[in-house]
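*Asks:* Pasting in a structure now, in structure tokens, and then I'll have a few things to ask.
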């Protein structure tokens with residue numbers, strides 16, 4: 008009997024835990040519902056009566072940088088006004104969009120002269136981030152095509168940048184392993200990230216040539232070595248996933264005062280390449296077989312840095 012009772016206790020405790028979790032979720036859901044539909048509205052109304060300013064104006068008065076843009080985006084997104092909701096989707100005619108917002112919120116441009124400038128800057132960042140993701144996704148979906156002359160020239164350019172003193176004997180060659188590709192034909196390694204993986208590799212090698220040579224040399228370390236090109240493509244996937252999950256917002260909102268572009272995405276990729284190499288040699292993995300573990304550890308480190316509203320991850324050498 009005592010054995011039976013002991014077996015029953017975990018089940019009962021498990022049910023209690025599940026019930027408690029359900030109750031907590033219900034409480035959170037109720038709070039979000041009442042806050043979103045009642046408390047938030049009355050709180051905003053009360054603050055407007057006290058300050059004479061709408062929520063958007065109060066954000067501009069209180070916050071700067073990424074915090075300001077992030078809060079403006081949140082306010083517009085969750086507004087009951089369709090005019091404000093649509094503002095975050097504005098890809099063009101931002102000036103008109105700002106005028107519509109000011110009209111909707113009864114903001115006098117003569118009394119608040121800075122509102123128009125601040126709102127335009129925020130909308131350019133917000134819509135620019137959305138457009139940047141679409142641009143990056145478009146390139147990522149484009150597969151490497153060996154029949155495309157531009158693709159082939161870009162690949163050969165990568166070799167020339169990384170191996171300026173060594174001539175590639177043939178397009179399909181075992182020499183590609185010297186810069187970290189897996190097979191005789193690199194095109195098979197670009198499947199996951201498409202032409203985006205190659206563009207990033209070339210960008211880093213062209214704009215940070217000495218650093219690329221240094222990292223390539225370190226990647227050939229007898230004990231701590233790794234496949235330079237393959238890891239570079241892997242880091243393109245990391246940069247892409249961070250952009251897609253919106254984890255790059257604080258960084259880009261701080262780093263770019265206007266519209267973020269592909270150039271800024273490439274710059275972030277360069278930061279990842281440089282920092283991953285340092286991280287790898289600091290961690291000293293026992294084997295390349297543990298790559299995924301350390302890759303995820305590095306990923307978590309970057310995600311942690313990106314949570315800081317003041318973050319701006321730039322290459323420092």
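Numbering (my numbering), first residue to last: 8 to 324. Yeah, the Cβ is synthetic: ideal placement off N, Cα and C, and Gly gets one too.
1) Three or more C-beta pairs closer than 8 Å, one from the segment 248 to 259 and one from the segment 201 to 221: is that the case here?
2) In angstroms, rounded to a whole number, what distance separates the CA positions of residue 322 and residue 283?
3) I'd like the ranges of any alpha helix (DSSP H) spanning at least 4 consecutive residues and lying wholly in the segment 122 to 209.
4) Please report how far the alpha carbon of residue 300 lies from the alpha carbon of residue 97, in whole angstroms.
5) Would you identify the three-state DSSP class for residue 324, choosing helix, strand or coil?
6) Report the residue from 253, 201 and 311 whose alpha carbon sits nearest the alpha carbon of residue 148.
7) Considering only the alpha carbon of each residue, which of 249, 94, 314 and 232 lies closest to residue 291?
8) Which residues bound the alpha helix (DSSP H) around residue 83?
9) When you compare only the Cα positions, how much space is there between residue 116 and residue 270?
10) Between residue 207 and residue 136, is the Cβ-Cβ spacing less than 9 Å?
11) How is the alpha helix (DSSP H) around residue 284 delimited, first residue to last?
12) From residue 103 to residue 132, what does the alpha carbon distance come to, in whole angstroms?
13) Indicate the three-state DSSP secondary structure (helix, strand or coil) for residue 227 in the structure shown.
14) In angstroms with no decimal places, state the Cα-to-Cα distance between residue 92 and residue 69.
15) State yes or no: is the C-beta of residue 286 within less than 9 Å of the C-beta of residue 305?
16) Just to confirm, are residue 255 and residue 212 a CB contact at a threshold of 9 Å?
17) Restricting to Cα atoms, I'd like to know which of 170, 186 and 152 is closest to residue 195.
18) When burial is assigned at 16 or more other CB atoms within 10 Å of the CB, is residue 27 buried or exposed?
19) Report the rounded CA-to-CA distance for residue 180 versus residue 302, giving the unit in angstroms.
20) What's the C-alpha gap between residue 310 and residue 222?
21) How big is the Cα-Cα spacing for residue 141 and residue 247?
22) Which residues in the same chain have their Cβ closer than 8 Å to the Cβ of residue 199, if we skip the five residues on either side of it in sequence?
23) DSSP state of residue 265, grouped into three classes?
24) If you compare alpha carbons, which of 124, 144 and 209 is closest to residue 160?
25) Where residue 320 and residue 76 are concerned, what is the direct C-alpha to C-alpha distance, given to the nearest angstrom?
26) Of the residues 72, 100, 63 and 99, which one's Cα is nearest the Cα of residue 84?
27) Under 9 Å, do residue 204 and residue 197 count as touching if we go by C-beta distance?
28) Taking only the alpha-carbon atoms, compute the straight-line gap between residue 242 and residue 164 and give it to the nearest angstrom.
*Replies:* Let me lay it out:
1) No contact exists between the segment 248 to 259 and the segment 201 to 221.
2) Cα to Cα, the separation comes out at about 12 Å.
3) The segment 122 to 209 contains, as complete alpha helix (DSSP H) runs of 4+ residues, the segments 122 to 147 and 156 to 169 (chain order).
4) Looking at the two C-alpha atoms, the distance is approximately 40 Å.
5) Of the three classes helix, strand and coil, the one that applies to residue 324 here is coil, per DSSP.
6) For residue 148, the nearest C-alpha among the options comes from 201.
7) Checking every option, the nearest Cα to that of residue 291 belongs to 232.
8) Unbroken alpha helix (DSSP H) run through residue 83: 72 to 84.
9) Each residue's Cα considered, the two are about 35 Å apart.
10) The answer is no: Cβ separation not under 9 Å.
11) Where residue 284 is concerned, the enclosing alpha helix (DSSP H) stretches over 269 to 290.
12) Distance between the alpha carbons of residue 103 and residue 132 is about 16 Å.
13) Reduced to three states, the DSSP call for residue 227 is coil.
14) Near 22 Å, if we compare the C-alpha coordinates of residue 69 and residue 92.
15) Yes, Cβ-Cβ distance for residue 286 and residue 305 is below 9 Å.
16) Residue 255 places its beta carbon 9 Å or farther from that of residue 212.
17) Between residue 195 and the set 170, 186 and 152, the nearest pair of CA atoms involves 152.
18) So residue 27 counts as exposed.
19) Residue 180 and residue 302: Cα-Cα distance of roughly 28 Å.
20) For residue 310 and residue 222, the distance between alpha carbons rounds to 23 Å.
21) For residue 141 and residue 247, the distance between alpha carbons rounds to 11 Å.
22) So the list reads 240 and 244, once near-sequence residues are dropped.
23) Three-state result, residue 265: coil.
24) Comparing Cα-Cα distances from residue 160 to each of 124, 144 and 209, the minimum goes to 209.
25) The alpha-carbon atoms of residue 320 and residue 76 are separated by roughly 18 Å.
26) Nearest to residue 84 by alpha-carbon distance, out of 72, 100, 63 and 99, is 63.
27) Closer than 9 Å, so yes.
28) The straight-line gap from Cα to Cα measures roughly 20 Å.
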